Amino acid sequence: MLKKQLLLFGLIFAFVIGLIPGTRALAAGPMVVDSFDGPITQNEINSFKAYIQTVEPVVWPNTGSMQGEYAQGKSGENIKAMGLMYELTNDTAILDRMIYFCDVLLSQRNDILPAPYGQRTAWTNTIAPIWPGNNTGTASADSANGDPIGHLAYCGKLILQTPAIWNTAVPIGDAYGHGGTYLQRANTFVTEADYVVNQFLFPKLLDLSNGNKLYFSTQSPYMPGGVFPWNQQMMITYGLQNLAAAHAIKGDNPSLVSQYDGIVQTNLNWFFSDNSAKQTYTDSKGNTAYNWGYNPTLLGGEDSNHGSLDVAGFYRAFLSGRYSITASMMTPIANMYADVMMRGPSDYAGRVDGTDGTGHGAPTTYPRNGNLQLAALRPDIYYTLANATMPNMTSTTMASFARLMYVKNQRYTGSDTQAPTTPTNLTAIAASSSQINLSWSASTDNVGVTGYNVYRGATLVGSSTTTSYMDTGLSASTAYSYTVKTKDAAANLSAASNTASATTLASSGNLALGKTYNASTTWSTTYLANKAFDGDVATRWSASSGSFNDQWISVDFGTATTYNQVVIKEISFPRVTSYKLQSSTNGTTYTDIASTTGTTIGTNKTINFSNISSRYLRLYITTASNIPNIDEMEVYGTSAADTTAPTVPTNLTATAASSSQINLNWTASTDNVGVTGYDIFRGAVLVGSSTTTSYSDTGLTASTAYSYTVKAKDAAANVSTASNTASATTQAPADTQAPTAPTSLTATAASNSQIDLSWTASTDNVAVTEYNVYRDGTLVGSSTTTSYSDTGLNVSTVYSYTVKAVDAAANLSAASNTASATTLAGGGNLALNKTYNASTTWSASYPAAYAFDGSSATRWSASSGSLSNQWVCIDFGAATSFNQVVIKEITYQRVTSYKLQSSSDGTTYTDIAGTSGTTIGASKTISFSGVNARYLRLFISTASAVPTINEMEVYNQ
1 MLKKQLLLFG
11 LIFAFVIGLI
21 PGTRALAAGP
31 MVVDSFDGPI
41 TQNEINSFKA
51 YIQTVEPVVW
61 PNTGSMQGEY
71 AQGKSGENIK
81 AMGLMYELTN
91 DTAILDRMIY
101 FCDVLLSQRN
111 DILPAPYGQR
121 TAWTNTIAPI
131 WPGNNTGTAS
141 ADSANGDPIG
151 HLAYCGKLIL
161 QTPAIWNTAV
171 PIGDAYGHGG
181 TYLQRANTFV
191 TEADYVVNQF
201 LFPKLLDLSN
211 GNKLYFSTQS
221 PYMPGGVFPW
231 NQQMMITYGL
241 QNLAAAHAIK
251 GDNPSLVSQY
261 DGIVQTNLNW
271 FFSDNSAKQT
281 YTDSKGNTAY
291 NWGYNPTLLG
301 GEDSNHGSLD
311 VAGFYRAFLS
321 GRYSITASMM
331 TPIANMYADV
341 MMRGPSDYAG
351 RVDGTDGTGH
361 GAPTTYPRNG
371 NLQLAALRPD
381 IYYTLANATM
391 PNMTSTTMAS
401 FARLMYVKNQ
411 RYTGSDTQAP
421 TTPTNLTAIA
431 ASSSQINLSW
441 SASTDNVGVT
451 GYNVYRGATL
461 VGSSTTTSYM
471 DTGLSASTAY
481 SYTVKTKDAA
491 ANLSAASNTA
501 SATTLASSGN
511 LALGKTYNAS
521 TTWSTTYLAN
531 KAFDGDVATR
541 WSASSGSFND
551 QWISVDFGTA
561 TTYNQVVIKE
571 ISFPRVTSYK
581 LQSSTNGTTY
591 TDIASTTGTT
601 IGTNKTINFS
611 NISSRYLRLY
621 ITTASNIPNI
631 DEMEVYGTSA
641 ADTTAPTVPT
651 NLTATAASSS
661 QINLNWTAST
671 DNVGVTGYDI
681 FRGAVLVGSS
691 TTTSYSDTGL
701 TASTAYSYTV
711 KAKDAAANVS
721 TASNTASATT
731 QAPADTQAPT
741 APTSLTATAA
751 SNSQIDLSWT
761 ASTDNVAVTE
771 YNVYRDGTLV
781 GSSTTTSYSD
791 TGLNVSTVYS
801 YTVKAVDAAA
811 NLSAASNTAS
821 ATTLAGGGNL
831 ALNKTYNAST
841 TWSASYPAAY
851 AFDGSSATRW
861 SASSGSLSNQ
871 WVCIDFGAAT
881 SFNQVVIKEI
891 TYQRVTSYKL
901 QSSSDGTTYT
911 DIAGTSGTTI
921 GASKTISFSG
931 VNARYLRLFI
941 STASAVPTIN
951 EMEVYNQ
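Given below as structure tokens:
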């Protein structure tokens, strides 16, 4: 797809950054987490931005598999991490680095990169547009190519959903000729991703004949005709879902959006809606959980490595908000990880069913980062995962850092299940014979509105982050109806707005067809000027080699003709960076047409202007980033000159959002052609403009009153009279005062594994919300009271603590005084190597002795059907003193009431005071006044199912 003249440059650049021996990225300082609580801080963002500047994308020959490096290797995971961090922060410095990685990624594609690493024949018997899985011989390629497609589409989508930067030059430059502006870069990435889908994925790799379910084609060397494993489905759907989202924003190909979305939806439904592809069960904590296998034909035991990739892919689809995946559908996956795979500190099961294997199925001492976002659905595992992932509050793994920041942000903004309010006052106005403009009143949300989905009839045709949308490419003199739905960051979707309808204007037809054409220069006879006016977007005009600037194409109507609209399509290579339309009566002297200048054109640009009558019309391209190409230029005459001003904006309201910001909202104006925007006046001074029915006035003074009016304007520069006046007073200054430091911190050893802390409360100018507790400088938990119990400690070990107070504005106090304590001496497990008994046993494989053998991997279990009044006991052989018992109910947590009892003869037992309880859980430490007895037993009064105890330890502290 990209011009071959870029190949030589690509080779040189790749050599410079990747092929010179000794070339390395600068050493990186770690990314820093200031706190596991509160908002994402600027310091955390800055540490991420600094780190990504020292990491380079991998190029040949620095890898043996380009597809692997950009699928699950560091380069690919780093691109995803930068995308997620940009979505969290909107910091364009992060987006710029992501663009750089995608520039390099695209340059490494086989059909673009020069030999010897590029231009290789693949198993398709062509020089396929792939990222090979090997570095010599016939180029291999499989489902891992879905991830590079996804990276390009993801980056393109992020740019497209930020219209404010479209026409801005990308600060890192355009070393690869991918387009100088953000919009040009996005169009290149999306176009090139589509190209790989249509040249490799669809015709060669995939078999979609099973109702869009993902199977390998019979010609694929890898698993020919086989069903796609779940993790490889995630690679393919990652690319398709981002391409669908990008095209939905562009509004250029609704049928392609439907095709891509349909494939993704089918395969997500295969997992979530088809119980023949997974198991749904109640886990040991009483929660609904999923168990699944490597592919949809296997019902259990997916290994932890591929499982984390499965989870990450499902979570991406959930966050996209496009496929009706809800938090309740994702929660059984989170329950699986929290209740089944997280078995204890530094102990994570090798398979999703809680068992262990070898290789990818071996247990790990760390959480795989694909699972980290599940903590947003199971907040109880957040601190465990956070501390395990970043024990020193730092990280050098971008994927882990970004996912932790996502969960931290979710916790700060709250668990959101509330949908936004319904959009109101939707209006539809025909702007031309092929375009209808929509506007509506903004919705509100308990957390924040992230965008709006626009439906033409029942079909999703695009989305917008503002309260307006232009639907283009329509048929003349045709009625269309629209609704809008609002969405938030948690993928909650509002009810539909009112329905608004409009009929496109009548068209004179394309006045440029069948005329005479000319151009400044042409590439060859294949790309003559007439190709830009032939009604076929598959052909195009191209300027001559080396001709970037001051190029033009013109149409001679044969006689003076009246027109007021031009549609330009720059589909193949979006390169124009400035242009204007000009008219002429003689074909020699041209005059600029007012209000027709611009920077970028893109796939479809509609330019409306006051009626012009002339024999000649030309598109004058002042500058371009590369040789300009125009696929099609259409000319229309739709209506008479517009002299009617828009109606007055009504219901203007002003609301103070902070000490320096006032938000304005109003009801949309209408116009005989179309409202193009609104001018906002603070007093009599114009302070800004908006294309929506809202505006945020920032940089104001605290506790100060301001008054506003708004005027509507249209494309013909007609301006309405002023709206009503709305006033508001900015809030008092924001809270930047930290709480006072906690005082009188004390630490007391409660047992050989627990230290209790208490302190005197802090004060704050507003209010203290909680306290962060630090053990030896590391955050270990938080408390809303002035006490905390730190458990799971080592025997006879000194620990030091400090506490900091936090307020609602995330201000953090200075540290308290330091308090230290030493856990009690262990005394050793008195239960080892004694005599044991039980009320009943399941079988010889689960005897009473297995509850006292020092191994959590074995256990005692009562007999089948024995739920209540079961017990397991130890005979010390002689009277023994003890004051602490640790019980571990790891495999199946079923006990619902229990107590400890002692006896001198093994027949008559007495309850030990202060030892009764309801649940036990993975580890229960019970401390009590010293007892001296020969026998000790755990008496289980009731249980939800047959009780089983993995380990029972006895100590005298």
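Going by the numbering used here, the residue at position 218 of the sequence shown is 218; the numbering climbs one at a time, nothing skipped.
All residues carry an ideal CB built from backbone N, CA and C; glycine is no exception.
Predicted, not measured: the structure shown is a model, and the values here were computed from it.
Residues that residue i bridges to, as DSSP identifies them
| i | result |
| --- | --- |
| E897 | It should be pointed out that residue 897 corresponds to Ser in this sequence rather than to Glu. For S897, which the question treats as bridged, DSSP gives the partners T942. |
| G146 | In the DSSP output, where bridge partners are listed per residue, G146 has none listed. |
| F216 | L206 |
| A388 | For A388, which the question treats as bridged, DSSP gives no partner whatsoever. |
| K713 | G677, V719 |
| K605 | I568 |
| I887 | K924, M952 |
| A747 | L757 |
| G546 | BP columns for G546 are empty, so no partner. |
| I621 | Q551, Y579 |
| C873 | N837, R937 |
Burial state of residue i (16 or more Cβ within 10 Å)
| i | result |
| --- | --- |
| G179 | buried |
| P132 | buried |
| D194 | buried |
| G462 | buried |
| D471 | buried |
| N765 | exposed |
| A495 | exposed |
| Q233 | buried |
| K4 | In this predicted model, K4 has a pLDDT of only 35, less than 50, meaning its place in the structure is not dependable; the value taken from the coordinates is given anyway. With fewer than 16 Cβ atoms within 10 Å of its Cβ, K4 is classed as exposed. |
| T971 | This structure gives no information on residue 971, because the portion of the chain shown stretches from 1 to 957. |
| D488 | buried |
| Q737 | exposed |
| Y695 | buried |
| D592 | exposed |
| S475 | exposed |
| L832 | exposed |
| N198 | exposed |
N-terminal and C-terminal residue of the alpha helix (DSSP H) that residue i is part of
| i | result |
| --- | --- |
| A312 | 304–320 |
| G350 | Here G350 belongs to no alpha helix (DSSP H), and DSSP marks it neither H nor E. |
| Q410 | 398–413 |
| R185 | 182–196 |
| T961 | The chain is shown only over 1 to 957; residue 961 falls outside these bounds and no answer can be derived. |
| M633 | Premise fails: M633 lies in the beta strand (DSSP E), 632–636, not in any alpha helix (DSSP H). |
Boundaries (first-last residue) of the beta strand (DSSP E) holding residue i
| i | result |
| --- | --- |
| Q551 | 551–569 |
| T653 | 650–656 |
| K250 | It is not in any beta strand (DSSP E) - K250 instead sits in the alpha helix (DSSP H) that spans 230–250. |
| Q582 | 576–584 |
| L479 | This sequence places Ala at residue 479; Leu is not what is there. Residues 479–488. |
| D471 | 468–471 |
| I662 | 662–667 |
| S689 | 685–690 |
| M342 | 342–344 |
| A726 | 726–729 |
Residue i at chain D interface by Cβ criterion, 8 Å
| i | result |
| --- | --- |
| F401 | Chain labels in this structure do not include chain D; a single protein chain is all it has. |
Segments assigned beta strand (DSSP E), at least 3 residues, entirely inside the segment 789–847: 798–807, 819–822, 835–838
Meets three-Cβ-pair contact criterion under 8 Å: the segment 142–160 and the segment 181–190: Short answer: they touch.
Alpha helix (DSSP H) runs wholly inside the segment 57–84, at least 4 long, in chain order: The qualifying runs are 66–69.
The segment 932–944 contacting the segment 886–896, beta-carbon criterion three pairs below 8 Å: yes
Ranges of the beta strand (DSSP E) found wholly within the segment 269–297, counting only runs of at least 3: 279–282, 288–291
Contact the segment 256–264 vs the segment 337–352: 3+ CB pairs below 8 Å: Short answer: they don't touch.
Three-pair Cβ contact test at 8 Å for the segment 799–807 versus the segment 817–825: Yes: at least three Cβ pairs fall under 8 Å.
Validate contact between the segment 694–702 and the segment 659–669 using beta carbons, cut 8 Å, 3 pairs: Output reads yes: the segment 659–669 touches the segment 694–702.
Validate contact between the segment 573–586 and the segment 509–529 using beta carbons, cut 8 Å, 3 pairs: no
Given 8 Å, three or more beta-carbon pairs between the segment 64–75 and the segment 140–159: yes
At least 3 beta-carbon pairs within less than 8 Å: the segment 726–737 vs the segment 672–686: no
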